[in-house]
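Using the numbering used here, you'd call the opening residue of the sequence shown number 76 and step up by one each time.
Heads up, the beta-carbon is just placed ideally off N, CA and C, and yes, glycines get one too.
Below is one structure, written out as structure tokens; comments come after it.
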Amino acid sequence: MAYNSPTLNVMTAAARKAARPLVRDFGELENLQISMKGPADFVTSADKRTERILIEELGKARPGYGFLAEEGGAVAGKDTTHRFIIDPIDGTTNFMHGVPHFAISIALEREGQLVAGVIYNPVTDDLFTAEKGHGAYLNNRRLRVAGRKELPTSLIATGLPWLGRDGAGRAIAETAAVLGATSGIRRFGAASLDMAWVAAGRFDGYWERGLLPWDVAAGIVLVREAGGMVSDLNGGQEMLNGGAILTANEHLHPLLLKLLKTVA
Ligand code: IPD
């Protein structure tokens with residue numbers, strides 16, 4: 076059974092409450108796909124509403140905590156030692172295209188340290204939770220990163236830039252290096268779930284550049300609590316501010332870091 080502190084329960088309850096209308100929206104999307112404009116406005120309002128529900132619920136239960144959220148940015152609280160870091164829909168493009176691989180992601184930071192994380196895919200009902208010092212769980216089942224020690228048998232996830240984003244050349248070069256050394260690469264389109272799946276041992280590793288704090292904050296807690304390593308792509312700890320991340324078990328992390336560093 077997962078250890079759930081009162082605060083983790085608050086985070087989980089907020090995610091489940093915000094997820095209910097989101098699942099209904101997801102069902103509606105099929106009808107919207109056929110319009111020329113596509114469902115972009117609908118998705119933006121789903122994103123905003125999800126964030127509003129999360130902030131309302133978390134704020135009710137933990138008044139005074141600050142927020143850093145995708146839509147609303149940073150909001151300082153009276154309690155300057157705590158803040159929630161929120162992505163209302165991580166994997167927005169998947170959501171918009173009716174692909175059931177997206178998640179609500181909530182992390183809690185205490186005195187500048189990430190201490191709890193919840194990642195919830197409302198379509199599959201996969202609830203990933205972790206709390207510093209108490210392990211990582213998927214629907215109450217304890218998680219452990221995969222044990223593979225060698226790159227050739229490893230399955231690695233990544234994220235790639237798209238229209239309007241920089242870094243396509245480097246991403247392609249890094250991808251080429253990794254796919255030439257491993258069993259394969261996956262690009263599933265939701266950074267939070269990529270990290271949760273590393274924690275669950277489904278992926279052996281994951282790296283990406285150009286990320287924002289809410290994409291990775293909860294996932295960092297998940298991977299660490301599942302026994303994995305997390306760093307930026309210089310091997311440092313600037314994942315939230317620097318936008319680049321690498322996660323894997325203790326054997327593969329240094330191998331992947333070395334491999335990625337060979338790419339100029
Ligand atoms: C995105 C997803 C995607 C990753 C992007 C993120 P969003 O988050 O996590 O997998 O490749 O870098 O921005 O925008 O859907 O919350």
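Residue of the options minimising C-alpha distance to residue i
i: residue 319; options: 328, 327, 309; result: 309
i: residue 154; options: 141, 296, 84, 228; result: 141
i: residue 97; options: 170, 260, 275; result: 170
i: residue 201; options: 192, 292, 228, 213; result: 213
i: residue 246; options: 239, 234, 238; result: 234
i: residue 225; options: 159, 203, 326, 144; result: 326
i: residue 76; options: 217, 298, 250, 285; result: 217
i: residue 161; options: 148, 268, 144, 302; result: 144
i: residue 146; options: 232, 284, 118, 240; result: 118
i: residue 152; options: 135, 215, 165, 332; result: 135
i: residue 199; options: 80, 336, 91; result: 91
i: residue 173; options: 281, 277, 102; result: 102
i: residue 211; options: 80, 324, 300, 104; result: 300
i: residue 288; options: 163, 256, 219; result: 163
i: residue 175; options: 223, 94, 137, 188; result: 94
i: residue 329; options: 270, 115, 306, 116; result: 306
i: residue 266; options: 114, 88, 181, 336; result: 181
i: residue 178; options: 284, 268, 148; result: 268
i: residue 281; options: 338, 220, 87; result: 220
i: residue 313; options: 236, 128, 189, 130; result: 189
i: residue 260; options: 271, 238, 283, 241; result: 283
i: residue 123; options: 332, 167, 137; result: 167
i: residue 187; options: 331, 316, 337, 338; result: 316
Residue i Cβ short of 7 angstroms to ligand 1 heavy atom set
i: residue 247; result: no
i: residue 192; result: no
i: residue 234; result: yes
i: residue 265; result: yes
i: residue 352; result: Outside the shown range of the chain, which is 76 to 339, sits residue 352, and nothing can be said about it.
i: residue 162; result: yes
i: residue 290; result: yes
i: residue 167; result: yes
i: residue 286; result: yes
i: residue 283; result: yes
Bridge-paired residues (DSSP) for residue i
i: residue 325; result: Answer is none; residue 325 lacks a bridge partner.
i: residue 142; result: 150, 159
i: residue 196; result: 201
i: residue 286; result: Paired residues: none, contrary to the question.
i: residue 184; result: 158, 189
i: residue 261; result: 232
i: residue 306; result: 321
i: residue 280; result: 231, 323
Cβ distance (whole Å) where residue i is taken to contact residue j below 8 angstroms
i: residue 275; j: residue 192; result: Not a contact, Cβ separation roughly 13 angstroms.
i: residue 253; j: residue 321; result: That pair is no contact at about 11 angstroms.
i: residue 296; j: residue 205; result: 5 angstroms
i: residue 157; j: residue 185; result: 6 angstroms
Heavy atom of ligand 2 within 7 angstroms of residue i beta-carbon
i: residue 145; result: Because ligand 2 does not appear in the structure shown, any question about it cannot be addressed here, the ligands present being ligand 1.
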